[in-house]
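Numbering (UniProt numbering), first residue to last: 1 to 140.
Next up, the structure:
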């Protein structure tokens, strides 16, 4: 999963979009690895619902919403808030990095900058998934 998150993040930084074919492939991998009965479809539906509202206001791209939905299949509903919080923190760090970068670049127009929010989604959800896996292993 780390490799897939890394790949999606790099693709988003370079192209400022996350293509559907990548997301469908990742969804297939998620369902095969997790098995349908071990996936958290309820978490995915909540993320998609909230994400579509945020998308409607123009605050996030549709690919980011779908990407978060696919990642949320690995997270139980009880950890969804944690994933969104980690994603928001990661997004804040991303905003600061881009702000500093563009302030230091002569002639750069900050208002024209878009953020590859797939990076923040990758970091936030990966941290949550990794902590969930560690907690699961400690219980065994």
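Virtual Cβ for every residue (Gly too), placed ideally from N, Cα, C.
These numbers come from a predicted model, not from an experiment.
Item to check | Exposure of residue 73, with buried meaning 16 or more beta-carbon neighbours within 10 Å | outcome: Sequence index remark: in the chain shown, residue 73 carries index 73 (1-based). Buried is the call here.
Item to check | residue 96, buried or exposed, once every other Cβ within 10 Å from all chains shown has been counted against 16 | outcome: For this step, residue 96 is matched to residue 96 along the chain shown. Counting Cβ neighbours within 10 Å, residue 96 comes out exposed, since fewer than 16 surround it.
Next on the checklist: Tell me which residue opens and which closes the alpha helix (DSSP H) that residue 38 is part of.
Outcome noted: As a working note, residue 38 is residue 38 in the chain shown. Neither: residue 38 is in no alpha helix (DSSP H) and is coded neither H nor E.
Checklist entry - With DSSP run on the structure shown, which of helix, strand or coil describes residue 109? => result For the purposes of this step, residue 109 is identified with residue 109 of the chain shown, where counting begins at 1. Three-state result, residue 109: coil.
Item to check | Backbone secondary structure at residue 57 - three-state DSSP | outcome: Start at 1 with the first residue of the chain shown, and residue 57 comes out as number 57. Reduced to three states, the DSSP call for residue 57 is coil.
Item to check | Beta-carbon contacts of residue 79 that lie in its chain and below 6 Å, excluding the five residues immediately before and after | outcome: Position 79 of the chain shown, counted from the first residue, corresponds to residue 79. Counting only Cβ-Cβ distances below 6 Å, and skipping sequence neighbours, we find 128, 132.
Item to check | CA-to-CA distance, residue 107 to residue 45, given in whole angstroms | outcome: The residue given as residue 45 occupies position 45 in the chain shown. The residue given as residue 107 occupies position 107 in the chain shown. About 43 Å.
Item to check | Cβ neighbour criterion (16 or more within 10 Å) applied to residue 8 | outcome: On the chain shown, position 8 is the one that residue 8 refers to. Flag for residue 8 reads buried.
Checklist entry - Under a three-way DSSP split, which group does residue 114 fall into? => result Position 114 of the chain shown holds residue 114. In this structure, residue 114 counts as coil in the three-state DSSP scheme.
Checklist entry - Taking DSSP as the reference, what is the three-state secondary structure of residue 19? => result One-based indexing of the chain shown puts residue 19 at position 19. Residue 19: coil per DSSP, three-state reduction.
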